[in-house]
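**Q**
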Amino acid sequence: MTSIVEIANLHVSFGGREVLRGASMTVERGGPTVLIGRSGTGKTTLLRAVNRLNECLPGCVTTGSVRLTLGGENFDAYAQGVRPEELRRRVGMVFQTPNPLPVSVYRNIALPLSLALNLSAADIRGRAERALTEAGLWDEVKDRLDQPAVTLSGGQQQRLCLARALAYRPELLLLDEPTASLDQRSVRVVEDLLLDLAGRYTVLVVSHNLRQAGRLARRLFVLGEGGAAREADPAMLTSAVDREALAALLDEMT
Amino acid sequence: MPTASMNSTRGGRGDALVAALLFCASGLCVLSVAAILAFLAWFCLPLLSWRELSAVLTWRWEPFGGHFGILPMVVGSLALALSALLLAWPLGLGLTLFIHGLGPRVLARPLLFVVRLMTGVPTVVYGLVAAIGLVPLVRGALSGSGFCWLTTALMLALLALPTIVLVLDGQLALVAPRLRLTAAALGLTRAQELLRLALPMSGRGLRTAATLGFARALGDTLLPLMLSGNAAQPPHSLLDSLRALTAHIALVVATDSQSAAYGSLFACGLLLFGVSFLVNLGLRRLSRGADVSALAWLPPGRLAERLAVAFSWFAALIVPAALALLLGFLLLRGGGTLGLTLFFGDTPPLDAMLRGAPVFDGLWPACLGSLWLVGLSACLAVPLGVAGGIHLSEAATGRAGRLAVFCVDLLAGVPSILMGLFGFALILLLRRGFWPGANTCLLLSALCLAMLVLPYVVGATRASLQALPEELRLTCAALGLPRWRAVFRVLLPSAGRGVLGGVVLAIGRAAEDTAVIMLTGVVAGAGNPGGLTDKFEALPFSIYYLAAEYQSPEELNQAFGAALVLLCLTALLSGAVRRLRQGLTRRWESGGARA
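Sequence order for the protein chains is R and L.
Okay, so the first sequence: first residue is 1 according to the numbering used here, each after it adds one.
Okay, so the second sequence: first residue is 1001 according to the numbering used here, each after it adds one.
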């Protein structure tokens, strides 16, 4: 019983347009688990189904089952009694482009913590420092915590968003192409960080870059049209020949 | 012959002509602002001595005793505008937050529709309903005559509310979607997202809304005139009567025609102009300045959030309820009168319509007068406004361009009574000069109304042209279209929706305005409009006049009937042009596809 997310027969549509048609996937603890697929296959929608973020978009209808195992408790994420806010506090998410709030570096972590978790100032300070250290950002920003977050570089901003998610101490971390908008050097920093974090958190990463998937994946899912997920062997990503075969598989599934 | 066509002088000369014409149009906009200011200043000149000035800046207004102090009116105007703002701003904010997610999503669109509807309700209709419905309520529940600060402030708040809501809605629509997913992914509730993140980022919108709401309440003439009791004294309580600057101008012009009171009248005008100038300057600074820093003005904790949500529910209930009560009262009183008799009295309708038979106790002459008025002012304002808007968007640059834009914005913010005062001053000047027989008339009213609505057309044209993607311009240039042909054949049709939107606004505004025509030639009982230099009747003025001077319950019912007609007219107008607007866009797009 090591699975943390079990998705079965998931249908998601926006304004009548079906993006996912019966997607199924099981994510084990640990990871990183990488989800790859061509653009337009619904990777982001599948990821957002886990923390019920699709509901924030207009005209969204979700059916099917998403079961999570958090805090030793197995439950249906879409059940009546589950508050999406509560759920999202236990499942961290990092977006494709860095989305810092228009406040200082420190407030970016402190404000959500105080609003969502109602922590004391001392607790917040401790968590913020710990999270920034985990995200490998503490040494870079400890002297400029009061500066606006937008003054950080793109890679730093993305790690700040990662730290913001880590400060909640989630069991599961969702990352939606977290390096897509970063330069090559920042990409490597974030990738190393994710491998490091995978020891402590369950990490689920969406990517469309096969090389990146090869560096990260301990488990691999290939997503086809309509969200048909097929598990593949991550070893396929390490040799060029197998990568070709995988690319062919992606094309075939799209 | 490529070189010959490249140097085609005909095209160049045509371009120069078009450019010159457009320049003249936007120049006229600047000129009209200058003219208003010049007239006000010119007639204020006699006040420029210590003795005169100290006579005006006193607390006594007794024209027959030789006291022309305007300070009570200054206090009255400020008291009214500030108290209305104090009511309307929080309610508007609550309503906007409700629309953006504090309330159920299904109610958002209907509520926004109600707010848009409110922008179309003529002021005089509010005035009538309040004078007959609300005033007795206040009198009965509290004390005094009911014509007081409180009644007026309540109605002014209702008047300013849609302005505030629409500004805030625009601001939140800009800020909130960007925050939506971030806030949700962090496990924040919708209320936390709006109250703790979106609002602190919306300082600019909050201030802009307050400024515009204040200007709207300060600049209105009809509501203070009809509801405040008009006693020229500073009020001591909410139940005291008071007089606003705008109403003061209307009253003095109406009752007094040749006296030293005029000097102080124009001083009032200059003051109002000064305030709109300051407001405009303030708005400019708001839009230019750096984004207002995040201010956490809501106390922390869940309780504050719950209270805010409760208040937004309150606002979302009370505002539509107030509007429904007012409109319901109007329907109840006016609904029964609708019929041919309302329009034609005892005269056979066909005789009146075809042979011009005089109608004595019907609304027909007022309808005709309004039609003429709106038609004439639209003929003046629409071509000029569109041309001016094109010039400001496409050709005006540098300091001159900025000045012109500023003037148009200023003109949009000037209280309508000042346009009336301008027309009135024009006649005074003509009489003193080369045309002793000059008098207020239909043409003058149309001219002043055109000045009033001109900025709506200019602003809408400019804004919608500038909203077009830059690639469209580049595409036209790359296809070798001459500049002005690109503007008239491609850019203007693409912006057609926005331009027509401005035209609707302008027509609706011209149809409902009462303050301007009151000073420039409308009278009760003038009959069918005879010519451009005759006096005339108009629907909004008939409502105002009947509400103030009704002799019998039948006449009052007629006022309600007229109000209902005017309301339907403005509603139909905006509905019809909205349809047209959609049709036009479609036609242009399909035409583009065929070409």
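Note that beta-carbon positions come from the ideal geometry of N, C-alpha and C, so glycine has one too.
With a cut-off of 8 angstroms on the beta carbons, I'd call L/Gln1558 and L/Leu1330 a contact; round off their distance for me.
**A** Here residue 1558 of chain L refers to the residue found at position 558 of the second sequence. Here residue 1330 of chain L refers to the residue found at position 330 of the second sequence. Contact flag wrong, Cβ pair sits at about 13 angstroms.
**Q** With three or more C-beta pairs closer than 8 angstroms as the rule, is the region 1500-1518 of chain L touching the region 1402-1412 of chain L?
**A** Short answer: they don't touch.
**Q** If you compare alpha carbons, which of L/Leu1047, L/Ala1400 and L/Leu1093 is closest to L/Pro1200?
**A** Locating residue 1200 of chain L in the second sequence gives position 200, where the first residue counts as 1. The option with the nearest alpha carbon to L/Pro1200 is L/Leu1093.
**Q** What number of angstroms, rounded off, separates the C-alpha of R/Thr97 from the C-alpha of R/Thr69?
**A** Walking along the first sequence from the start, residue 97 of chain R turns up at place 97. Walking along the first sequence from the start, residue 69 of chain R turns up at place 69. C-alpha separation (whole angstroms): 28 angstroms.
**Q** Would you call the CB atoms of L/Leu1223 and L/Met1118 closer than 8 angstroms?
**A** In the second sequence, residue 1223 of chain L corresponds to position 223, counting from 1. In the second sequence, residue 1118 of chain L corresponds to position 118, counting from 1. Taking 8 angstroms as the Cβ cut-off, L/Leu1223 and L/Met1118 do not qualify as a contacting pair.
**Q** Does any CB atom of chain R fall closer than 8 angstroms to the CB of L/Arg1196?
**A** By 1-based counting over the second sequence, the position of residue 1196 of chain L is 196. Output row for L/Arg1196: interface = yes.
**Q** Sort L/Leu1354, L/Met1073 and L/Ser1494 by Cα distance to L/Ala1232 and report the nearest one.
**A** In the second sequence, counting from the first residue as 1, residue 1232 of chain L sits at position 232. Closest by alpha carbon: L/Met1073.
**Q** Less than 8 angstroms between the CB atoms is what I'm expecting for R/Val91 and R/Val27, so what's the real figure, rounded?
**A** Taking the first sequence and counting its residues from 1, one reaches residue 91 of chain R at position 91. Taking the first sequence and counting its residues from 1, one reaches residue 27 of chain R at position 27. Not a contact, Cβ separation roughly 11 angstroms.
**Q** For R/Lys142, count the other beta carbons within 10 Å of its own beta carbon; 16 or more makes it buried, fewer makes it exposed. Which is it?
**A** Against the first sequence, residue 142 of chain R aligns to sequence position 142. Classification for R/Lys142: exposed.
**Q** Mind listing, in chain order, the continuous beta strand (DSSP E) runs of no fewer than 3 residues lying wholly within the region 1346-1424 of chain L?
**A** Taking only runs of at least 3 residues, no beta strand (DSSP E) segment lies wholly in the region 1346-1424 of chain L.
**Q** Take L/Gly1597 and list the residues in its own chain whose beta-carbon comes closer than 6 angstroms to its own, dropping the five residues that flank it on each side.
**A** Because chain L in this structure spans residues 1001 to 1595, residue 1597 of chain L falls outside the shown range and cannot be described.
**Q** Output yes or no for whether 8 angstroms exceeds the beta carbon distance between R/Gly37 and R/His208.
**A** Counting from 1 along the first sequence, the entry for residue 37 of chain R is found at position 37. Counting from 1 along the first sequence, the entry for residue 208 of chain R is found at position 208. Yes; because the gap between Cβ atoms is below 8 angstroms, this pair is in contact.
**Q** If you drop the 5 nearest sequence neighbours on each side, which residues of the same chain put their C-beta closer than 6 angstroms to that of L/Ala1209?
**A** For this step, residue 1209 of chain L is matched to residue 209 along the second sequence. Here the set comprises Ile1164, Val1167 and Leu1168.
**Q** What is the residue span of the beta strand (DSSP E) that L/Ile1543 lies within?
**A** Residue mapping note: residue 1543 of chain L aligns to position 543 of the second sequence, counting from 1. Segment Leu1539 to Glu1549 is the alpha helix (DSSP H) holding L/Ile1543; no beta strand (DSSP E) there.
**Q** Using a Cβ-Cβ distance under 8 angstroms, would R/Cys56 count as near chain L?
**A** Counted from its first residue, the first sequence places residue 56 of chain R at position 56. True, the Cβ-Cβ gap to chain L drops below 8 angstroms.
**Q** Taking only three categories from DSSP, how would you classify L/Phe1039?
**A** Locating residue 1039 of chain L in the second sequence gives position 39, where the first residue counts as 1. Three-state result, L/Phe1039: helix.
**Q** Taking all protein chains shown into account, decide if L/Leu1447 is buried (16 or more other Cβ within 10 angstroms of its Cβ) or exposed.
**A** Taking the first residue of the second sequence as 1, we reach residue 1447 of chain L at position 447. Classification for L/Leu1447: buried.
**Q** Which of the three DSSP states is assigned to R/Glu171 in this structure?
**A** In the first sequence, the residue the question calls residue 171 of chain R occupies position 171. In this structure, R/Glu171 counts as coil in the three-state DSSP scheme.
**Q** Count the other CB atoms, across all protein chains shown, that sit within 10 Å of the CB of L/Cys1379; report buried if there are 16 or more and exposed otherwise.
**A** Residue 1379 of chain L sits at position 379 when you count from the first residue of the second sequence. Its Cβ having fewer than 16 others within 10 Å, L/Cys1379 is exposed.
**Q** Going by C-alpha distance, which of L/Leu1242, L/Phe1422 and L/Ile1099 is nearest L/Arg1190?
**A** In the second sequence, the residue the question calls residue 1190 of chain L occupies position 190. Ranking L/Leu1242, L/Phe1422 and L/Ile1099 by Cα distance to L/Arg1190 puts L/Ile1099 first.
**Q** At which residue ranges does the region 20-65 of chain R contain complete beta strand (DSSP E) runs of 3 or more residues, listed in the order of the chain?
**A** Runs of the beta strand (DSSP E) inside the region 20-65 of chain R: 33-36.
**Q** Mark L/Val1106 as exposed unless 16 or more other C-beta atoms lie within 10 angstroms of its C-beta, in which case mark it buried.
**A** On the second sequence, position 106 is the one that residue 1106 of chain L refers to. Burial call: exposed.
**Q** Please name the residue, chosen from L/Ser1393, L/Asn1280 and L/Gly1508, that lies closest to L/Leu1468 on a Cα-to-Cα basis.
**A** As a working note, residue 1468 of chain L is residue 468 in the second sequence. Looking at the Cα atoms, L/Ser1393 is the closest of the given residues.
**Q** How would you call L/Ala1294, buried or exposed, if buried means at least 16 neighbouring beta carbons within 10 angstroms?
**A** Within the second sequence, residue 1294 of chain L is the residue found at index 294, counting from 1. Low confidence applies to L/Ala1294: its pLDDT is 48, below 50, so where it sits in the model is not reliable enough to give any reading.
**Q** What does the alpha-carbon distance come out to for the pair L/Cys1476 and L/Phe1023?
**A** Here residue 1476 of chain L is taken as the residue at index 476 of the second sequence, counted from 1. Here residue 1023 of chain L is taken as the residue at index 23 of the second sequence, counted from 1. Using only the alpha carbons, I get a separation of about 22 angstroms.
**Q** Under 8 angstroms by Cβ, that's how I've got R/Leu246 and R/Leu216 pegged, so tell me the actual separation to the nearest angstrom.
**A** Position 246 of the first sequence, counted from the start, is the residue given in the question as residue 246 of chain R. Position 216 of the first sequence, counted from the start, is the residue given in the question as residue 216 of chain R. With a Cβ gap of about 14 angstroms, R/Leu246 and R/Leu216 do not count as contacting.
**Q** Is DSSP giving L/Trp1648 helix, strand or coil here?
**A** Within the shown structure, residues of chain L are numbered from 1001 to 1595, placing residue 1648 of chain L beyond reach of any answer.
**Q** Which value, in whole angstroms, describes the spacing of the CA atoms of L/Leu1161 and L/Ala1322?
**A** Indexing the second sequence from 1 puts residue 1161 of chain L at position 161. Indexing the second sequence from 1 puts residue 1322 of chain L at position 322. If you take the alpha carbons of L/Leu1161 and L/Ala1322, they lie about 12 angstroms apart.
**Q** What does the alpha-carbon distance come out to for the pair L/Ala1217 and L/Leu1265?
**A** Walking along the second sequence from the start, residue 1217 of chain L turns up at place 217. Walking along the second sequence from the start, residue 1265 of chain L turns up at place 265. Whole-angstrom Cα-Cα distance: 20 angstroms.
**Q** Just mark L/Cys1568 as buried or exposed, buried being the case when its beta carbon has 16 or more other beta carbons within 10 Å.
**A** Sequence index remark: in the second sequence, residue 1568 of chain L carries index 568 (1-based). Classification of L/Cys1568: exposed, given that the 10 Å Cβ count is below 16.
**Q** Going by DSSP in three states, L/Asp1015 sits in which element: helix, strand or coil?
**A** By one-based count along the second sequence, residue 1015 of chain L stands at place 15. It is helical.
**Q** Go ahead and pull the three-state DSSP assignment for L/Glu1052.
**A** Against the second sequence, residue 1052 of chain L aligns to sequence position 52. In the structure shown, L/Glu1052 sits in a helix (DSSP, three-state: H, G or I).
**Q** Who are the near neighbours of R/Ile124 in its chain, counting only those whose CB is closer than 7 angstroms to its CB and skipping five residues on each side?
**A** Taking the first residue of the first sequence as position 1, residue 124 of chain R is located at position 124. Taken in chain order, the residues that qualify are Ala110, Leu113 and Ser114.
**Q** Report buried or exposed for L/Phe1113, applying the criterion of at least 16 other Cβ atoms within 10 angstroms of its Cβ.
**A** Position 113 of the second sequence holds residue 1113 of chain L. Looking at its Cβ environment, which holds fewer than 16 other Cβ atoms inside 10 Å, L/Phe1113 is exposed.
**Q** Is L/Asp1240 buried or exposed, if buried means 16 or more other CB atoms sit within 10 Å of its CB?
**A** On the second sequence, residue 1240 of chain L is found 240 positions in, with the first residue counted as 1. Classification for L/Asp1240: buried.
**Q** For R/Val61, does the count of other Cβ atoms within 10 angstroms reach 16, so buried, or fall short, so exposed?
**A** By 1-based counting over the first sequence, the position of residue 61 of chain R is 61. Under this definition R/Val61 is an exposed residue.
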